[in-house]
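*Asks:*
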Amino acid sequence: MPIGIIINASCIAVGGIIGLFAQNLISKRFKDSLNMIFGLCSMGMGISSIVLMENMPAVIFALILGTGIGLAIHLGDKIRAGALMMEKASSRIVKSSPSALDRKEFTETLITIIVIFVASGTGIYGSIVSGMTGDHSIMIAKSILDLFTAIIFSCTLGSVVSLIAIPQFILFMTLFLLAGVIYPLTTPAMINDFKAVGGFFMLAAGFRMNKVTNFPTADMIPAMILIMPFSWIWSSFILPLVS
47 MPIGIIINAS CIAVGGIIGL FAQNLISKRF KDSLNMIFGL CSMGMGISSI VLMENMPAVI
107 FALILGTGIG LAIHLGDKIR AGALMMEKAS SRIVKSSPSA LDRKEFTETL ITIIVIFVAS
167 GTGIYGSIVS GMTGDHSIMI AKSILDLFTA IIFSCTLGSV VSLIAIPQFI LFMTLFLLAG
227 VIYPLTTPAM INDFKAVGGF FMLAAGFRMN KVTNFPTADM IPAMILIMPF SWIWSSFILP
287 LVS
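Adding 46 to a residue's 1-based position in the sequence shown gives its number in my numbering.
#1: Given this structure, state the Cα-to-Cα distance separating D239 from L71, to the nearest angstrom.
#2: Is it buried or exposed for R75, if we count other Cβ within 10 angstroms and need 16 for buried?
#3: Taking only the alpha-carbon atoms, compute the straight-line gap between T195 and N81 and give it to the nearest angstrom.
#4: Measure the C-alpha to C-alpha separation of I58 and V207 and round it to an integer number of angstroms.
#5: Got a sec? Which residues, its chain only, sit under 6 angstroms from M91 by beta carbon, not counting five neighbours each side?
#6: Here's the rule I'm using: 16 or more other beta-carbon atoms within 10 Å means buried, otherwise exposed. How should K257 be labelled?
#7: Suppose the cutoff is 6 angstroms on Cβ atoms and the five residues either side in sequence are ignored; what does the same chain contact list for A250 look like?
#8: With the cut-off set at 7 angstroms, would you say G172 and I160 are in Cβ contact?
#9: Once DSSP output is grouped into helix, strand and coil, what is the label at E100?
#10: For I44 and H182, what's the separation of their Cα atoms in angstroms?
#11: Round the Cβ separation of I186 and G50 to the nearest angstrom and send it over; I've been treating them as touching at under 8 angstroms.
#12: What number of angstroms, rounded off, separates the C-alpha of N54 from the C-alpha of M102?
#13: Taking the alpha-carbon of I119 as reference, which of K241, A135, P268 and F152 has the nearest alpha-carbon?
#14: Answer yes if the stretch 265-279 comes into contact with the stretch 107-117, meaning at least three C-beta pairs across the two stretches below 8 angstroms, and no otherwise.
#15: Distance, Cα to Cα, I106 vs L224?
#16: Could you say which of F283, G252, P213 and L193 lies nearest to I64 if we only look at CA atoms?
#17: N256 by DSSP, collapsed to three states: which one?
#18: Under the rule that 16 or more other beta-carbon atoms within 10 Å means buried, what is L221, buried or exposed?
#19: In terms of alpha-carbon separation, which member of D123, F199, L109 and I93 lies closest to V60?
#20: L209 and L156 look like a contact to me (Cβ under 8 angstroms); what is the Cβ gap, rounded to whole Å?
#21: By how many angstroms is the C-alpha of T179 removed from the C-alpha of F276?
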């Protein structure tokens, strides 16, 4: 039973609805201050995952090559187009107050939230662990942060935040069902390197949330696919030759 995944998706959906109704009750200063704290939490979670890294060359290579692939196939643009379609669909279902953000800032903020909710290393790893061992603690811990993040960001972005729960549930449920195949093929080093790549995602997302710089987080997603085989190749073949 994917309890953790259901809780996580529900927290995003419910948080988005709560924020939609509370958007006129929460001051801009309060929202801006919490946004910075969420960004800080994201960066802190990212750093805590990065320090687990065991094969730095494999992680760096996966990040560079993965981002290059994402940029080459315009993955970020495709995700951006999908996000705007979600926003249009949500606006037809639920009418909300116009966002205070301009169109570009609105889209970039939405992309950041999608990456945090859907493509974080914590969520992907937590789904696999949940499916393989039945331990839902990682997903439940993620759900707590996602609930409050959804509440605050839906005050600015509107009802589209709740819809992010749909692609998130589909992805995490797929990983949950495939966990029996994926997890036995991994090693502790591969898992730690995978978490490290997810940590870089969270760190980049935190910088975006705090408006320091706009890392191409959506284009970085292929790195999540590359890191495990890269880590295995480095540990099994390259490291013995250079050590």
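Ideal Cβ placement from N, Cα and C applies to all residues, glycine included.
*Replies:* In terms of the structure at hand:
#1: Translated into positions along the sequence shown, residue 239 becomes position 193. Translated into positions along the sequence shown, residue 71 becomes position 25. Going from the Cα of D239 to the Cα of L71 covers about 43 angstroms.
#2: Here residue 75 corresponds to residue number 29 of the sequence shown, with the count starting at 1. Result: exposed.
#3: Counting from 1 along the sequence shown, the entry for residue 195 is found at position 149. Counting from 1 along the sequence shown, the entry for residue 81 is found at position 35. Distance between the alpha carbons of T195 and N81: 8 angstroms.
#4: As a working note, residue 58 is residue 12 in the sequence shown. As a working note, residue 207 is residue 161 in the sequence shown. I58 and V207: Cα-Cα distance of roughly 7 angstroms.
#5: In the sequence shown, residue 91 corresponds to position 45, counting from 1. Taken in chain order, the residues that qualify are M248.
#6: The residue you call residue 257 lines up with position 211 of the sequence shown. Around the Cβ of K257, a 10 Å sphere holds fewer than 16 other Cβ atoms; the residue is exposed.
#7: For this step, residue 250 is matched to residue 204 along the sequence shown. Excluding positions up to five away in sequence, the list reads F261 and T263.
#8: Residue numbering aside, residue 172 sits at position 126 when the sequence shown is read from its first letter. Residue numbering aside, residue 160 sits at position 114 when the sequence shown is read from its first letter. A distance of 7 angstroms or more separates the beta carbons of G172 and I160.
#9: The residue you call residue 100 lines up with position 54 of the sequence shown. In this structure, E100 counts as coil in the three-state DSSP scheme.
#10: Nothing can be reported for residue 44, as the shown portion of the chain is limited to 47 through 289.
#11: Taking the first residue of the sequence shown as 1, we reach residue 186 at position 140. Taking the first residue of the sequence shown as 1, we reach residue 50 at position 4. Right, their Cβ atoms sit about 5 angstroms apart.
#12: In the sequence shown, the residue the question calls residue 54 occupies position 8. In the sequence shown, the residue the question calls residue 102 occupies position 56. Rounded to whole angstroms, N54 and M102 show a C-alpha spacing of 31 angstroms.
#13: On the sequence shown, position 73 is the one that residue 119 refers to. Answer by Cα proximity: P268.
#14: The stretch 107-117 vs the stretch 265-279: in contact.
#15: Locating residue 106 in the sequence shown gives position 60, counting from the first residue. Locating residue 224 in the sequence shown gives position 178, counting from the first residue. Computed Cα separation, rounded: 26 angstroms.
#16: In the sequence shown, residue 64 corresponds to position 18, counting from 1. The option with the nearest alpha carbon to I64 is L193.
#17: Along the sequence shown, one-based indexing puts residue 256 at 210. In this structure, N256 counts as coil in the three-state DSSP scheme.
#18: On the sequence shown, position 175 is the one that residue 221 refers to. So L221 counts as buried.
#19: For the purposes of this step, residue 60 is identified with residue 14 of the sequence shown, where counting begins at 1. It is F199 whose Cα lies nearest to the Cα of V60.
#20: Here residue 209 is taken as the residue at index 163 of the sequence shown, counted from 1. Here residue 156 is taken as the residue at index 110 of the sequence shown, counted from 1. No, L209 and L156 are not in contact; Cβ-Cβ is about 10 angstroms, not under 8 angstroms.
#21: Here the question's residue 276 lines up with position 230 in the sequence shown. Here the question's residue 179 lines up with position 133 in the sequence shown. When the Cα atoms are used, F276 and T179 turn out to be separated by approximately 25 angstroms.
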